[in-house]
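Chains as they are written, first to last, in our numbering: chain L, 1 to 281; chain B, 1 to 186.
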């Protein structure tokens with residue numbers, strides 16, 4: 001019944017024993033941050049009168065839905081690595097990894113093939129929920145150079161009328177999205193391994209779009225539904241990683257920049273058969 | 001230069017906004033994937049010769065005994081033919097980042113014992129971790145690996161490090177993982 005804990009560099013994380021999901025992060029300075037992570041999906045807008053969700057448009061029909069089943073999971077622990085293998089649904093699974101010498105938590109996800117037999121296009125997100133007080137503010141690196149301040153339902157240079165409360169708050173992510181609680185001196189950063197889209201629709205929350213499969217053309221030029229068949233025609237499967245850091249703001253700014261460079265300039269790993277150790281030497 | 005030019009051409013085409021954002025037609029998406037894969041494959045020989053050159057003692061000549069390097073493009077689904085079909089493998093990592101750091105190497109593995117030797121001749125500790133069931137079922141995956149071998153490589157700034165990885169059948173027991181909770185939830 002007790003939470004399962006894992007030790008990373010400068011933090012420990014606890015996991016819910018009934019679902020395997022992460023539930024909090026305790027920092028070395030004694031602060032404890034609630035951190036929940038789950039997967040949800042949006043149904044794509046499909047009314048003929050309005051342009052539906054498609055390659056150019058993100059137009060969800062309503063709020064995101066969760067996956068109904070309780071996740072199943074296995075945990076593996078060794079001195080070098082702590083891993084949770086978690087099945088969320090038939091088509092969403094992930095591995096969470098914590099290394100004792102790394103301040104980041106790794107979320108390695110597999111999403112797809114997204115089922116569409118029910119004739120509903122689906123867009124899958126990863127949602128991070130914390131108790132940080134963020135006052136509608138979040139940050140993305142959308143111009144690829146600096147962290148840009150974003151405020152929910154607000155634009156700095158014109159009066160913004162909220163017509164699309166979800167999509168209207170989505171911004172491009174080149175490599176990272178973050179939340180900051182200045183009063184508590186805490187920052188959450190999620191580094192991505194590719195360009196994605198994301199938002200903070202509620203205080204303390206971040207969501208990132210992972211995979212989309214939609215059944216209607218959005219009438220903006222591509223003239224096809226965003227419905228990739230994959231190799232076997234059942235739909236595309238995607239794999240990817242998020243690297244999550246919770247830390248004080250100063251340390252966080254150093255750590256996420258260094259990690260970002262390491263991910264961007266990842267090593268080339270090459271393999272060669274070799275006959276003996278002497279050859280290697 | 002021809003090999004590098006393939007990359008130049010591929011990246012030139014794939015900087016088009018349709019390729020970046022995924023707003024291309026499906027047949028064009030297939031073509032983009034083909035162009036990039038083709039460039040990678042045509043550059044394998046160049047990469048092999050470059051690694052042979054920088055890891056060779058005698059830079060003036062290359063011999064047939066130099067290791068023949070290849071990339072494993074299926075590593076993200078825990079698939080690598082070179083590792084799976086050979087008992088002794090050289091794993092060489094080139095670090096383009098201008099700082100030294102530790103990198104976690106994960107290679108597809110079966111449950112056999114291992115010996116990992118680092119660049120200074122030191123024996124390294126590694127961990128054998130099961131590949132999740134949802135990855136083993138991946139439709140495109142053609143691999144008999146059920147586990148991954150995890151070890152820490154220390155990469156020099158703008159340099160390379162080679163590790164000798166060997167399957168061994170000694171009586172030394174494999175370090176066992178502690179399985180905390182095997183699927184007790186419904």
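Just so it is clear, CB atoms sit at the ideal spot from N, CA and C, and this is done for glycine as well. This structure is a prediction, so every number in the text was calculated from the model and none was measured.
{"Item": "Any chain L beta carbon closer than 9 Å to residue 7/B", "Value": "no"}
{"Item": "Neighbourhood of residue 144/L by C-beta, 7 Å cutoff - its chain only, sequence neighbours within 5 removed", "Value": "174"}
{"Item": "Beta strand (DSSP E) segment containing residue 115/B, residue limits", "Value": "113-117"}
{"Item": "Same chain only: Cβ atoms within 6 Å of residue 43/L, ignoring 5 sequence neighbours per side", "Value": "61, 120"}
{"Item": "Buried or exposed (CB count within 10 angstroms, at least 16 for buried), residue 135/L", "Value": "exposed"}
{"Item": "Local conformation of residue 161/L per DSSP, three classes", "Value": "coil"}
{"Item": "Residues near residue 32/B by beta carbon distance below 8 Å, same chain, minus five either side", "Value": "13, 14, 19, 24"}
{"Item": "Near-chain B residues of the stretch 132-166 of chain L (beta-carbon distance less than 8 Å), N- to C-terminal order", "Value": "none"}
{"Item": "Span separating the alpha-carbon of residue 80/L from that of residue 105/L", "Value": "14 Å"}
{"Item": "Cβ-based contacts, 7 Å cut-off: residues of the stretch 80-91 of chain B near chain L", "Value": "80, 82, 83, 86, 88, 89, 90, 91"}
{"Item": "Among 98/B, 146/B, 68/B, the one whose alpha carbon lies nearest that of residue 159/B", "Value": "98/B"}
{"Item": "Option in 140/L, 246/L, 194/L with minimal Cα separation from residue 266/L", "Value": "194/L"}
{"Item": "Exposed unless 16 or more other CB atoms sit within 10 angstroms - verdict on residue 148/B", "Value": "buried"}
{"Item": "One or two residues paired with residue 181/L in a DSSP bridge", "Value": "186/L"}
{"Item": "C-alpha distance - residue 9/L paired with residue 24/L, whole-angstrom precision", "Value": "15 Å"}
{"Item": "Anticipated Cβ contact below 8 Å, residue 45/B with residue 56/B, distance rounded", "Value": "That belief does not hold up - the Cβ atoms of residue 45/B and residue 56/B are roughly 16 Å apart, past 8 Å."}
{"Item": "For residue 37/L, the three-state DSSP class (helix, strand or coil)", "Value": "strand"}
{"Item": "Contact with chain L by residue 168/B, beta-carbon distance below 9 Å", "Value": "no"}
{"Item": "Chain L within 9 Å of residue 185/B, Cβ atoms only", "Value": "Because the pLDDT of residue 185/B is 42, which lies under 50, any placement of that residue in the model is unreliable, and the question is left without a value."}
{"Item": "Under 7 Å from the C-beta of residue 104/B: neighbouring residues of chain L", "Value": "99"}
{"Item": "Residue nearest to residue 45/L in terms of C-alpha spacing, selected from 213/L, 28/L, 89/L", "Value": "213/L"}
{"Item": "N-terminal and C-terminal residue of the beta strand (DSSP E) that residue 11/L is part of", "Value": "11-15"}
{"Item": "Beta-carbon proximity of residue 176/L to residue 189/L, cut-off 9 Å", "Value": "yes"}
{"Item": "C-alpha gap between residue 258/L and residue 117/L, whole angstroms", "Value": "44 Å"}
{"Item": "Backbone CA spacing between residue 139/B and residue 167/L [nearest angstrom]", "Value": "33 Å"}
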